[in-house]
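The block underneath contains the structure these notes are about, expressed in structure tokens.
In the working numbering, the protein residues as written are 17 to 226.
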């Protein structure tokens, strides 16, 4: 069903390329967020073609305004988002099970390729440091959430993409039981037109100042 919707959206994009119809969207949401550009390039980008996370637009807008240079970030699941955070001058680490998704030739990014489940979950320990931001957007998300809080700085936050999925409730409940607050960002994501949700989990003193 989602594949059919995606195809319909692509057809609509090519229709919008006709000048008369596209002028309606020149200053609208689909244009300013880069949604149309993402359809054109077949990857999540902003209106200028720069990589952005495959998360809700509301989250991306918020985090870009709140984030500080020099923070240390670890991602479970890498790709376009890694390039986005690196562009914001964060020190990026991450783990990926598919080498094709891992950004290459970027001195500001350290990616571990781990195919085994336990190695994937434990990869966060390899750098022997703690992180200000931990993104969970790959495999084994509940287990990664359990592990993540061991490697957070005192003001660290956790970001969980697709937090509206029922199968992630255990991981979310675990964070809440450890006194994290939940801030949800609902909306559409690049290349898709159905509602999704990205959530930030934080404590009173946090690196975003929220």
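In this text, a Cβ means the ideal position worked out from N, Cα and C, and glycines have one as well.
(request) Pull up the distance between the alpha-carbon of residue 215 and that of residue 146, whole angstroms please. (result) For this step, residue 215 is matched to residue 199 along the chain shown. For this step, residue 146 is matched to residue 130 along the chain shown. Near 21 Å, if we compare the C-alpha coordinates of residue 146 and residue 215.
(request) Tell me whether residue 53 sits in a helix, a strand or coil according to DSSP, three-state version. (result) Counting from one through the chain shown, the residue named residue 53 turns up at place 37. Helix at residue 53.
(message) As an exercise, report each continuous alpha helix (DSSP H) stretch of at least 4 residues that is fully enclosed by the region 124 to 205, in chain order.
(response) 133 to 138, 157 to 164 and 185 to 193
(request) Would you list, in sequence order, the uninterrupted alpha helix (DSSP H) runs of no fewer than 4 residues that lie entirely inside the region 81 to 128? (result) 96 to 103
(request) To the nearest angstrom, report how far apart residue 125 and residue 150 are at their CA atoms. (result) Residue 125 sits at position 109 when you count from the first residue of the chain shown. Residue 150 sits at position 134 when you count from the first residue of the chain shown. When rounded, the distance between both Cα atoms is 14 Å.
(message) In the DSSP assignment, the beta strand (DSSP E) including residue 217 goes from what residue to what residue?
(response) Mapped onto the chain shown, residue 217 falls at position 201. Looking at the DSSP string, the run of the beta strand (DSSP E) that includes residue 217 is 212 to 218.
(message) Using CA atoms only, rank isn't needed, just tell me which of 115, 107, 195 and 211 is closest to residue 219.
(response) Within the chain shown, numbered from 1, the residue matching residue 219 stands at position 203. Distances from the CA of residue 219 to each of 115, 107, 195 and 211 were compared; the closest alpha carbon is that of 195.
(request) Please go through the same chain and pick out, in chain order, the residues whose beta-carbon is closer than 7 Å to the beta-carbon of residue 142, but skip the five residues on each side of it. (result) Counted from its first residue, the chain shown places residue 142 at position 126. Here the set comprises 128.
(request) For residue 40, collect the residues of the same chain with a Cβ closer than 6 Å to its Cβ; drop the 5 residues on either side in sequence, then sort them by chain order. (result) For the purposes of this step, residue 40 is identified with residue 24 of the chain shown, where counting begins at 1. Low local confidence applies: a pLDDT of 49 at residue 40 is under 50, so the model's placement there is unreliable, with the coordinate-based value given in what follows. Cβ neighbours of residue 40 beyond the five flanking positions: none.
(message) Taking its Cβ as the centre, do 16 or more other Cβ atoms sit within 10 Å of residue 86, making it buried, or is it exposed?
(response) For the purposes of this step, residue 86 is taken as residue 70 along the chain shown, with counting starting at 1. When all chains shown are included, residue 86 counts as exposed.
(message) So if DSSP puts residue 67 in a beta bridge, which residue, or which two residues, is it bridged to?
(response) Translated into the one-based positions of the chain shown, residue 67 becomes position 51. In DSSP, residue 67 forms a bridge with 61.
(message) Am I right that residue 210 and residue 187 are in contact with their C-beta atoms under 8 Å? What's the rounded C-beta distance?
(response) Indexing the chain shown from 1 puts residue 210 at position 194. Indexing the chain shown from 1 puts residue 187 at position 171. Incorrect: roughly 22 Å between the Cβ atoms, too far for contact.
(message) I'd like the span of the alpha helix (DSSP H) that includes residue 72, first residue to last.
(response) Reading the chain shown from its first residue, position 56 is the one you call residue 72. First-last for residue 72: undefined, no H or E at that position.
(message) Using the three-state DSSP reduction, which class does residue 44 fall into: helix, strand or coil?
(response) Your numbering for residue 44 matches position 28 in the chain shown. Three-state result, residue 44: coil.
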